[in-house]
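Peer 1:
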Amino acid sequence: MGAGTSAQGRHNTKKVHIPCRRCGRSAYHIRKGVCASCGYGKTAKFREYNWAKARE
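The sequence shown runs 1167 to 1222 under this note's numbering.
Shown next, in the form of structure tokens:
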């Protein structure tokens, strides 16, 4: 395989998410500096939404 167009789709080897130091899930985005699960790096409060809460 050359370095042309067909090789451009193979650039997904970089690690994007690592374990979060607050919630422990592998959802901390390295470049953004924000955890997708708990919101660490963006806010001091835990990330939560009404649509994600369990119905009673």
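Idealized CB from N, CA, C, for every residue including glycine.
Note that the structure is predicted; figures quoted are calculated from it, not measured.
1. If you check the beta carbons only, do C1204 and R1213 fall under 7 Å apart?
2. State the Cα-Cα distance for the pair A1210 and T1179, rounded to the nearest angstrom.
3. As a quick exercise: from K1208, A1218, R1221, pick the residue whose alpha carbon is nearest that of R1188.
4. Below 6 Å CB to CB, which residues in the same chain sit around Y1206 once its five sequence neighbours on both sides are set aside?
Peer 2: Looking at the coordinates:
1. In the sequence shown, the residue the question calls residue 1204 occupies position 38. In the sequence shown, the residue the question calls residue 1213 occupies position 47. Yes, the pair counts as a contact, with Cβ atoms nearer than the cut-off.
2. Start at 1 with the first residue of the sequence shown, and residue 1210 comes out as number 44. Start at 1 with the first residue of the sequence shown, and residue 1179 comes out as number 13. C-alpha separation (whole angstroms): 31 Å.
3. Here the question's residue 1188 lines up with position 22 in the sequence shown. The option with the nearest alpha carbon to R1188 is K1208.
4. On the sequence shown, residue 1206 is found 40 positions in, with the first residue counted as 1. If we look at Y1206 and ignore the five residues flanking it on each side, its Cβ neighbours are C1186, R1188.
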